[in-house]
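To start, the structure under review is shown below, and the notes come after it.
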Ligand SMILES: Cc1cc2nc3c(=O)[nH]c(=O)nc-3n(C[C@H](O)[C@H](O)[C@H](O)COP(=O)(O)O)c2cc1C
């Protein structure tokens, strides 16, 4: 089993690294696990400039010349990812946020269906919930029925009580076991009714917005789901009917004929 740990702290040997090392040691004791670290502080991943090309036209149209595509290829070889970030101002670190932004097109066109994810945040005291909710949509894990484990650990800059330490060790044990078990299953995740409806929404929207989101249109056109699979015709009909209602209710989100703000072009 191959695990890639994406490290979002600007420090190499900070608390987040110590926690992920504990997870690594536990996983290696559980079975045949190959563990690799990607330290974002050292990665050749430039800051997103917000051109929207990756979303609208395709990630190959990103003007930034760096290792984004090579990192994606490496991530595709993994069975699971650990995303580790310190909590900064109730959110993830800028390094982790930039990593998420550079792969934001995966929330339109997901690719990591098989890979399981363990998200780990460490904080002095506060902000872990918001940071986790940001992190859990990384790498397109908001699309499809993927498996995401969450772990939040307090790492204040002072010594802690024995009880607090025991509780943290227990939380690390539990999350590691769940993540390891999830990674053993390398099959594609069966869609839930909600994830199938979400797929249909994206597909319909990509058709309505094909002029503005051509990469999405190409991706969704002709697909039955994100990957080949049989869909129960009764569930499919029910999902399509519900999605039809949603799309109707969202009609003001669809393209119209007013340029607003007037100076901004609608096509990217
Ligand atoms: C810029 C910055 C912002 C921070 N914001 C928070 C915060 O909102 N809540 C909190 O409890 N700790 C906060 N911290 C503390 C870090 O989350 C904490 O020190 C963490 O353990 C650092 O992890 P690391 O050693 O892996 O880098 C902040 C630290 C920094 C440097």
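Numbering (our numbering), first residue to last: 391 to 658. Glycine included, each C-beta is placed from N, C-alpha and C at the ideal position.
### Query
Fully enclosed by the stretch 532 to 600, which beta strand (DSSP E) runs are 3 residues long or longer?
538 to 544
### Task
Within the same chain, show all residues whose beta-carbon is closer than 7 Å to that of residue 467, passing over the 5 residues directly before and after it, in chain order.
392
### Query
Is the closest heavy atom of ligand 1 to the C-beta of residue 477 under 6 Å?
yes
### Task
Let me know if residue 501 comes out buried or exposed under the rule of 16 or more other beta-carbons within 10 Å of its beta-carbon.
buried
### Query
Going along the chain, which unbroken runs of the alpha helix (DSSP H) with 4 or more residues stay wholly within the stretch 423 to 507?
443 to 446, 458 to 466 and 484 to 492
### Message
Are the CB atoms of residue 482 and residue 430 within a distance shorter than 7 Å?
### Response
no
### Message
Tell me which residue opens and which closes the beta strand (DSSP E) that residue 392 is part of.
### Response
Counting along the chain, the beta strand (DSSP E) containing residue 392 begins and ends at 392 to 397.
### Query
Between which two residues does the alpha helix (DSSP H) containing residue 607 stretch?
Run containing residue 607: 604 to 610, per the alpha helix (DSSP H) assignment.
### Assigned exposure category for residue 553 - 16 Cβ within 10 Å defines buried
Exposed.
### Cβ contact check for the stretch 533 to 540 and the stretch 573 to 584: 3 or more pairs under 8 Å
yes
### Task
Verify the contact flag: residue 659, CB atom, against every heavy atom of ligand 1, threshold strictly below 6 Å.
Outside the modelled stretch of the chain, which goes from 391 to 658, sits residue 659, for which no answer is possible.
### Query
Quick one: Cα of residue 559 to Cα of residue 600, how far?
50 Å
### Message
For residue 499 and residue 493, what's the separation of their Cα atoms in angstroms?
### Response
10 Å
### Task
Quick one: residues in its chain with C-beta nearer than 7 Å to the C-beta of residue 636, no 5 flanking neighbours on either side, listed in chain order?
591
### Query
Between residue 510 and residue 410, which are expected to be in contact by the criterion C-beta below 8 Å, what is the C-beta distance as a whole number of angstroms?
Right, the Cβ-Cβ distance comes to about 7 Å (below 8 Å), so this counts as a contact.
### Query
Per DSSP, which one or two residues make a beta bridge with residue 509?
473 and 540
### Query
Under the rule that 16 or more other beta-carbon atoms within 10 Å means buried, what is residue 624, buried or exposed?
Under this definition residue 624 is an exposed residue.
### Query
Does the stretch 505 to 523 come within contact of the stretch 439 to 458, defined as at least 3 CB pairs closer than 8 Å?
Contact fails between the stretch 505 to 523 and the stretch 439 to 458, because fewer than three Cβ pairs, one in each stretch, are under 8 Å apart.
### Task
Measure the C-alpha to C-alpha separation of residue 548 and residue 608 and round it to an integer number of angstroms.
Cα-Cα distance, rounded: 53 Å.
### Query
Alpha carbon to alpha carbon, how far is residue 563 from residue 416?
8 Å
### Query
Between which two residues does the alpha helix (DSSP H) carrying residue 623 extend?
623 to 639
### Task
Can you tell me which of the three DSSP states residue 648 falls into?
coil
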